[in-house]
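At position 156 of the sequence shown (counting the first as 1) the number is 156 in the UniProt record's numbering, and the numbers step up by one without a gap.
Below: the structure, in structure tokens.
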Amino acid sequence: MMRQTLLGVSRNTTLRQVIEQAPVSRDVVRRFVAGDSTPDAVRVTGELVDTHRQVTIDYLGEDTTDPAQAEATRDAYLGLIAALSEAGLTQNGAAEVSLKLSALGQFLGRDGHAIALDNARVICQAAANAGTTVTLDMEDHTTTDPTLSALAELRQDWPWVGVALQAYLHRTEQDCRDLAHEGSRIRLCKGAYKQPESVAFQDKDDVDKAYVRCLKILVEGQGYPMIATHDPRLVEIASVLVAKAQRDADSYEFQMLLGIRPDEQLRLAGAGSRMRVYLPYGEDWYGYLVRRMAERPANLTFFLRSLATK
Ligand code: FDA
């Protein structure tokens, strides 16, 4: 119930203003968001890499309604990749980028798909020049087909382009089967958007079971699974499945969000697993933060307590 309500207010501008104006908010937001600027993102990336974690960076923003904004997002990624490269952070998979096609213009009318794809192409070429990779985030279920079709087009030139799949969607087991081929980088997450019963499991246990079914397909397949979850049970199951499939440590990775279970991130990295942190940055942090609160009441409590104590 709390989750549904919070997801419902994720576009509420009044709440956003309250959060922005509270004096301590920015500090609390920093637990989950690296900062507003490219130097902030590069600095926090460097800190994570120093502790044997890899990073995927998301320049925050979604649902672009204006071509200039989509171009500005593309240019922000180009600036980010250049800064990462200059800091020596694009080598050996240390830092890559995650993209939302909606932020690159996917909803800009009839030409939206082509605009987003063109912008993504420019970013993929810059990533290739810098020696790193790109992963496409997955948004609400209406974008799954267009995102997978953009993935197929991008992979013609850059086969290393990855994509997130959401275990809560009924269709995802089949998508995993279709995409578990050699070289295919697939990030499996539970799914963060409010979705109708007709397309997605609603019950947490059903989502977890679906996650395990999808994970098995990916781990037993030929691709490169990126296991994106903080769930201790699923991390444990994934560890058993990769051992059973005799996967080398460099043939899969765990992924977690910035600020969530940092001790577990360090434990997995220390145990020899690849551990990649999803690092969001930018001024458009509000929708992202509300989704994190919707997932876990403790995040909300932490946030509200910090507002009340200042
Ligand atoms: P869930 O939220 O069910 O939590 C399970 C358990 O994990 C909890 O019971 C607790 O034990 C532990 N846990 C969770 N949060 C914790 C916290 N703050 N502190 C301590 N323990 C905690 N979604 C999407 O729709 N599209 C996308 O492209 C992506 N991309 C993406 C990338 C990466 C790298 C990650 C990690 C996640 C995403 N997501 C996403 C978000 C994802 O779909 C999902 O909403 C969140 O990861 C939360 O789900 P969990 O698997 O962590 O389990």
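Just so it is clear, CB atoms sit at the ideal spot from N, CA and C, and this is done for glycine as well.
Counted within 10 angstroms of its Cβ, other Cβ atoms place residue i as buried (16 or more) or exposed
{"i": "residue 223", "result": "buried"}
{"i": "residue 92", "result": "exposed"}
{"i": "residue 315", "result": "Any answer about residue 315 is impossible in this case: the structure gives the chain only from 1 up to 310."}
{"i": "residue 149", "result": "exposed"}
{"i": "residue 299", "result": "buried"}
{"i": "residue 232", "result": "exposed"}
{"i": "residue 181", "result": "exposed"}
{"i": "residue 204", "result": "exposed"}
{"i": "residue 198", "result": "exposed"}
{"i": "residue 225", "result": "buried"}
{"i": "residue 283", "result": "exposed"}
{"i": "residue 291", "result": "buried"}
{"i": "residue 132", "result": "buried"}
{"i": "residue 162", "result": "buried"}
{"i": "residue 255", "result": "buried"}
{"i": "residue 120", "result": "buried"}
{"i": "residue 246", "result": "exposed"}
{"i": "residue 301", "result": "exposed"}
{"i": "residue 202", "result": "exposed"}
{"i": "residue 265", "result": "buried"}
Three-state class that DSSP yields for residue i in the structure shown
{"i": "residue 105", "result": "coil"}
{"i": "residue 162", "result": "strand"}
{"i": "residue 227", "result": "strand"}
{"i": "residue 54", "result": "strand"}
{"i": "residue 254", "result": "strand"}
{"i": "residue 199", "result": "coil"}
{"i": "residue 96", "result": "strand"}
{"i": "residue 186", "result": "strand"}
{"i": "residue 276", "result": "strand"}
{"i": "residue 135", "result": "strand"}
{"i": "residue 168", "result": "coil"}
{"i": "residue 193", "result": "coil"}
{"i": "residue 310", "result": "Annotation note: pLDDT 39 at residue 310 (below 50); position unreliable, no value reported."}
Proximity test, residue i beta-carbon vs the ligand FDA heavy atom, cut-off 7 Å
{"i": "residue 295", "result": "yes"}
{"i": "residue 255", "result": "yes"}
{"i": "residue 298", "result": "yes"}
{"i": "residue 138", "result": "yes"}
{"i": "residue 214", "result": "no"}
{"i": "residue 222", "result": "no"}
{"i": "residue 54", "result": "no"}
{"i": "residue 189", "result": "yes"}
{"i": "residue 192", "result": "yes"}
{"i": "residue 284", "result": "no"}
{"i": "residue 260", "result": "yes"}
{"i": "residue 278", "result": "yes"}
{"i": "residue 231", "result": "yes"}
{"i": "residue 164", "result": "yes"}
{"i": "residue 228", "result": "yes"}
Residue i versus the options, residue with shortest Cα-Cα distance
{"i": "residue 269", "options": "235, 69 and 129", "result": "235"}
{"i": "residue 60", "options": "239, 103 and 94", "result": "103"}
{"i": "residue 241", "options": "230, 250 and 216", "result": "216"}
{"i": "residue 209", "options": "301, 173, 108 and 276", "result": "173"}
{"i": "residue 87", "options": "50, 196, 46 and 264", "result": "46"}
{"i": "residue 187", "options": "164, 179, 30 and 154", "result": "164"}
{"i": "residue 294", "options": "194, 127 and 53", "result": "194"}
{"i": "residue 170", "options": "132, 279 and 211", "result": "211"}
{"i": "residue 89", "options": "118, 54, 108 and 98", "result": "54"}
{"i": "residue 383", "options": "250, 219 and 251", "result": "Because the chain is modelled from 1 through 310, residue 383 falls outside the range shown and cannot be assessed."}
{"i": "residue 207", "options": "221, 196 and 190", "result": "190"}
{"i": "residue 43", "options": "77, 31, 73 and 83", "result": "83"}
{"i": "residue 67", "options": "75, 108, 41 and 159", "result": "108"}
Contacting residues, own chain, Cβ-Cβ under 8 Å from residue i (five flanking each side not counted)
{"i": "residue 214", "result": "165, 167, 172, 173, 176 and 188"}
Same chain, Cβ closer than 6 Å to residue i, five either side skipped, listed in chain order
{"i": "residue 64", "result": "70, 103 and 105"}
{"i": "residue 253", "result": "226, 274 and 276"}
{"i": "residue 309", "result": "Residue confidence is low: residue 309 scores 47 on pLDDT, short of 50, so the model does not pin down where it sits. Its coordinate-derived value is still stated next. Cβ neighbours of residue 309 beyond the five flanking positions: none."}
{"i": "residue 116", "result": "101, 104, 105 and 106"}
{"i": "residue 280", "result": "33, 58, 60 and 288"}
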